[in-house]
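Enquirer: If you read the protein sequences in the order shown, they are chains F and G.
With UniProt numbering, the residue at position 377 of the first sequence is 377, and numbering never jumps.
With UniProt numbering, the residue at position 208 of the second sequence is 208, and numbering never jumps.
Beta carbons are placed, not taken as given, at the ideal position from N, Cα and C, and that holds for glycine.
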Amino acid sequence: MNYFPDEVLEHVFDFITSHKDRNSVSLVCKSWYKIERYSRQRVFIGNCYSISPERLIARFPGLKSLTLKGKPHFADFNLVPHDWGGFVYPWIKALAKSRIGLEELRLKRMVVSDESLELLSKSFVNFKSLVLVSCEGFTTDGLAAIAANCRGEVNLGALERLVSRSPNLKSLRLNRAVPLDTLQKLLMRAPQLVDLGIGSYVHDPFSEVYNKLKIAIQRCKSIRSLSGFLEVAPHCMSAIYPICGNLTFLNLSYAPGLHGNKLMKLIQHCRKLQRLWILDCIGDKGLGVVALTCKELQELRVFPSDPFGAGNAAVTEEGLVLVSAGCPKLNSLLYFCQQMTNAALITVAKNCPNFIRFRLCILDPIKPDPVTNQPLDEGFGAIVQSCKGLKRLSLSGLLTDQVFLYIGMYAEQLEMLSIAFAADSDKGMLYVLNGCKKLRKLEIRDCPFGDAALLEDVGKYETMRSLWMSSCEVTLGGCKSVAEKMPSLNVEIIDECEQMEFNLDDKQKVDKMYLYRTLVGHRKDAPEYVSIL
Amino acid sequence: MEVGLKMTMKGGGGDHVGGCDKEKMGFEETELRLGLPGGGGGGGDGEVVRKRGFSETVDLKLNLSSKQDTSGIDPNDEKVKGLHQEKNLLLSAIDPAKPPAKAQVVGWPPVRSFRKNMLAATTQKSSSEESGEKAALVKVSMDGAPYLRKVDLRMYTSYHQLSDALAKMFSSFTIGNCGSQGIKDFMNESKLMDLLNGSDYVPTYEDKDGDWMLVGDVPWEMFVESCKRLRIMKGTEAIGLGYTKSCGEMQEEKLKEVGVVNRATCSFDLVGRLLHACTSSSSSS
């Protein structure tokens, strides 16, 4: 029973911003459900096929900001064909038809056609923000439509005027095409910038323009986030030093031109850094400098500068250990490296018990501990045992079923697990499915998991967002069985090679299977090579 | 690593298919697994046993091996050795003379295409590390001290040694009427005590590019390569090096030793030693 009028409850609910909390609130009783749904402004949909736009609109008429995710994560690595799905057009169409006052649309791994962008730019009067992460399907024409209808044409002169007129401009990211003197003028007009991305940074350190740039940069005392440097003249980096002390985020993962001593000097100036994205040409030594300098570091991403190279990728377990020793606040890691040892992982686990995300990618995916020649089970086991708040884990290196036993036992908060070229038998997958109560996304490739593991507990999949299995041992029959037992799941077989066309034997191994829970049944937009069982 | 036994195997609820037997198996496994890496439990000989390994996947995807075993691999030693042999064959078949081009499996390593494309286009320049065997003579100055000294950095192998040497060097000042207030302050006992406790001095160095950096941040060898001169600065002047008001506890007037000296891996204690040495050798003012 409600003792408060609805308006009061609505006001209280305004303070509840997390999606999880609002979902919980809506489950308390019918009255709260009603109040919550009318007052909800931000909605997050992790799988665009789990619900339809119509039902979304019906439930949340006050929607202002929508986040949608489409393709499964492995699509980032070319495992999912481009036209598999995740089209945003039907969503925009439905929203446009309704009277939803959309202001923000955030899309990840969706296919965004020029048509959708045009429709978007014309349909919502108050539209302010479009965020596209890992999306595809559009051209510059589409973006031009957004720019033209939402803001005004953009060229260099216009950009300068725009920046002058925008005293609240916080974020400015430029591509290679913006010349140095424009950059300098923009910075002079926008000393309040918080986030700056520089595309091209190549200049003559003795030029007048460079001097002006130095002065302009010094005025930008609010810059907290710096990225870009796609082209860079390392000897000009000293102009940046004055603002480095304020940076909390530095993204140099697109700057292969910056390495060695110049890179280290730059980092030495960045004492307040909380997030660092870097290429592995920083080397173990460079990571040592990070460990000494960046005491506030929370997130580190080290990308491979030569993913298919002969194997001189410059970081090993040593760099990681150094960072873990020097940066106790580290909680998020993405680390591409040459090799890893159990001893190193155990040390890292001890030094940094606060990991929320731990993603390790050894470039040779079945490489054992080079010192002991053992699998990396114990190392990862130490990580999951020590990091009680771990939510996301990616494994690599030589791994047996043992590591999955540890994961099932200790990774109580784990929500997302990525596995490749690991395990010996179905047991591995079973340990995980039985143990990880909060698991939401499981993605597996090239592991010896078959029908026995898949069918052990089909009810589990309804508690998860999705399961991806490719190049495993599951058969068509096994997948059919899941689909039969669980009508609330869509079980998709992606069969690009048309294996299925000539051989519909249930014993046939399935190359790619993607299953996910849904409230709206089979989708209608799947291409020919996708069968929904 | 110690594996703690949990009292209940996860997922032991009665609503799970496979119930008790699977649980028991789980416990057994757990007991076996207690203890050190490499000890006990299945896969005892440490061999890799897997249904479809990376190397085989490479074979399949490149269509390099003649047959494809679809019946699943029987996990016994002979087959495993066979797999390894196959992998070796694959490598030697390409051309033993050249380093084998890394066979590419779809989606591995898990890097997004735009990163791969961008980095492939850039040639990696080797880092231009200048190494010289000649002496690394650098001037050392200390704010308030009457004159400079010179040291050869290659005479030392660590920051610790350098700080010892410098302490000895600067403790041999005589107190004279050098005229500047700075020196009087420097030699004034109470001020010195302030300095010792407040540590207003910061050791810095000028590197090859002309930038002033804080001493102690980089590994010793790197420091020797790049240091052109040393200066033990008053705190107020070290602001431009990144210690600004916005940097948390740092204040403009009083830079603490904390930021420089108390770094976990650096035991560089130049300031304290220097000032201590000066105090002990100076007469009371």
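Shorter than 6 Å, the distance from the beta carbon of Ser134 (chain F) to the closest heavy atom of the ligand HEM, or not?
Expert: By its list of ligands, the structure shown contains no ligand whatsoever, and the ligand HEM lies outside what it can speak to.
Enquirer: So, at 6 Å on beta carbons, what are the nonlocal neighbours of Val458 (chain F) in its own chain, with the 5 sequence-adjacent residues on each side left out?
Expert: Val482, Lys485 and Met486
Enquirer: Flag Pro109 (chain G) as yes if its beta-carbon sits less than 7 Å from any beta-carbon of chain F, otherwise no.
Expert: Put simply, the CB of Pro109 (chain G) is near chain F, with a gap under 7 Å to one of its CB atoms.
Enquirer: Taking the continuous beta strand (DSSP E) assigned at Gly199 (chain F), which residues delimit it?
Expert: Asp195 to Tyr201
Enquirer: Measuring alpha carbon to alpha carbon, tell me which of F:Asp195, F:Leu330, F:Leu334 and F:Glu317 ends up nearest Ile223 (chain F).
Expert: F:Asp195
Enquirer: Return the first residue and the last residue of the alpha helix (DSSP H) that Met264 (chain F) is part of.
Expert: Secondary structure note for Met264 (chain F): its alpha helix (DSSP H) is the uninterrupted segment Gly260 to Gln268.
Enquirer: Please check if any C-beta of chain F sits within less than 7 Å of the C-beta of Lys228 (chain G).
Expert: no
Enquirer: Any residues in the stretch 71–93 of chain F with a beta carbon nearer than 8 Å to a beta carbon of chain G? Which ones, in chain order?
Expert: Phe74, Asp76, Phe77, Asn78 and Leu79
Enquirer: Given this structure, state the Cα-to-Cα distance separating Tyr516 (chain F) from Cys48 (chain F), to the nearest angstrom.
Expert: 11 Å
Enquirer: Which two residues bound the contiguous beta strand (DSSP E) that contains Asn331 (chain F)?
Expert: Element bounds for Asn331 (chain F): n/a, residue is neither H nor E.
Enquirer: I'd like the list of long-range same chain contacts for Cys361 (chain F), defined as Cβ closer than 6 Å, with 5 residues on each side in sequence excluded.
Expert: The beta carbon of Cys361 (chain F) lies closer than 6 Å to those of Phe336 and Ser396 in the same chain, with the five residues before and after it left out.
Enquirer: Name the residue from F:His19, F:Phe74 and F:Asn23 whose alpha carbon lies nearest to the alpha carbon of Leu442 (chain F).
Expert: F:Phe74
Enquirer: For chain F, is any of its Cβ atoms less than 7 Å away from the one on Asp211 (chain G)?
Expert: Chain F places a beta carbon closer than 7 Å to that of Asp211 (chain G), counting this residue as a contact.
Enquirer: Given this structure, state the Cα-to-Cα distance separating residue 586 (chain F) from Phe303 (chain F), to the nearest angstrom.
Expert: What the structure shows of chain F is the stretch from 1 to 533, and residue 586 (chain F) is not part of that stretch, so it cannot be assessed.
Enquirer: Using a Cβ-Cβ distance under 7 Å, would Gln218 (chain F) count as near chain G?
Expert: no
Enquirer: Leaving out five residues on either side along the sequence, give the residues of the same chain with a beta carbon under 7 Å from the beta carbon of Leu180 (chain F).
Expert: His203, Val209 and Leu213
Enquirer: Cα separation between Glu118 (chain F) and Met464 (chain F)?
Expert: Taking the straight line from one Cα to the other gives about 35 Å.
Enquirer: Quick one: Cα of Ser141 (chain G) to Cα of Arg149 (chain G), how far?
Expert: 7 Å
Enquirer: Tell me the residue span of the alpha helix (DSSP H) that contains Arg189 (chain F).
Expert: Looking at the DSSP string, the run of the alpha helix (DSSP H) that includes Arg189 (chain F) is Leu180 to Arg189.
Enquirer: Give the list of continuous alpha helix (DSSP H) stretches no shorter than 4 residues that lie fully inside the stretch 204–231 of chain F.
Expert: 208–219
Enquirer: For a quick check, are the C-beta atoms of Asn351 (chain F) and Ser324 (chain F) less than 7 Å apart?
Expert: Yes, they are a contact pair.
Enquirer: Is Val106 (chain G) close to chain F? Criterion is C-beta to C-beta, closer than 7 Å.
Expert: yes
Enquirer: Tell me the rounded alpha-carbon separation between Glu10 (chain F) and Pro72 (chain F).
Expert: 35 Å
Enquirer: Check distances from the C-beta atoms of the stretch 255–269 of chain F to those of chain G and list, in chain order, the residues that come in under 8 Å.
Expert: Pro256, Gly257, His259, Gly260, Asn261, Met264, Lys265, Gln268 and His269
Enquirer: Ala145 (chain G): buried (16+ other C-beta within 10 angstroms of its C-beta) or exposed?
Expert: buried
Enquirer: Quick check on the DSSP output: the beta strand (DSSP E) that includes Arg271 (chain F) runs from which residue to which?
Expert: First-last for Arg271 (chain F): undefined, no H or E at that position.
Enquirer: Helix or strand or just coil, what does DSSP make of Lys108 (chain F)?
Expert: When secondary structure is reduced to three states using DSSP, Lys108 (chain F) falls in the strand class.
Enquirer: Of all the CB atoms in chain G, is at least one closer than 7 Å to the CB of Cys327 (chain F)?
Expert: Not closer than 7 Å to any Cβ of chain G, the Cβ of Cys327 (chain F) fails to qualify, so no.
Enquirer: Would you say Arg357 (chain F) and Ser332 (chain F) are within 7 Å of each other, going by their C-beta atoms?
Expert: yes
Enquirer: What residues from chain G crowd round Val289 (chain F), counting only those whose CB sits closer than 9 Å?
Expert: Asp217, Val218, Pro219 and Met222
Enquirer: Can you pull the DSSP bridge partners for Asn434 (chain F)?
Expert: Note: Asn434 (chain F) sits in no beta bridge, so no partner.
Enquirer: With a threshold of 7 Å between beta carbons, is Cys361 (chain F) in contact with chain G?
Expert: yes
Enquirer: Can you list, in chain order, the residues of its chain whose CB lies under 7 Å from that of Ile16 (chain F), leaving out five sequence neighbours each side?
Expert: Arg22 and Val25
Enquirer: Tell me whether Lys97 (chain F) sits in a helix, a strand or coil according to DSSP, three-state version.
Expert: In this structure, Lys97 (chain F) counts as helix in the three-state DSSP scheme.
Enquirer: Check this for me: beta carbons of Val88 (chain F) and Val125 (chain F), under 7 Å apart or not?
Expert: Contact flag unset, no.
Enquirer: Just verifying my parser: in three-state terms, what is the DSSP assignment at Ala423 (chain F)?
Expert: coil
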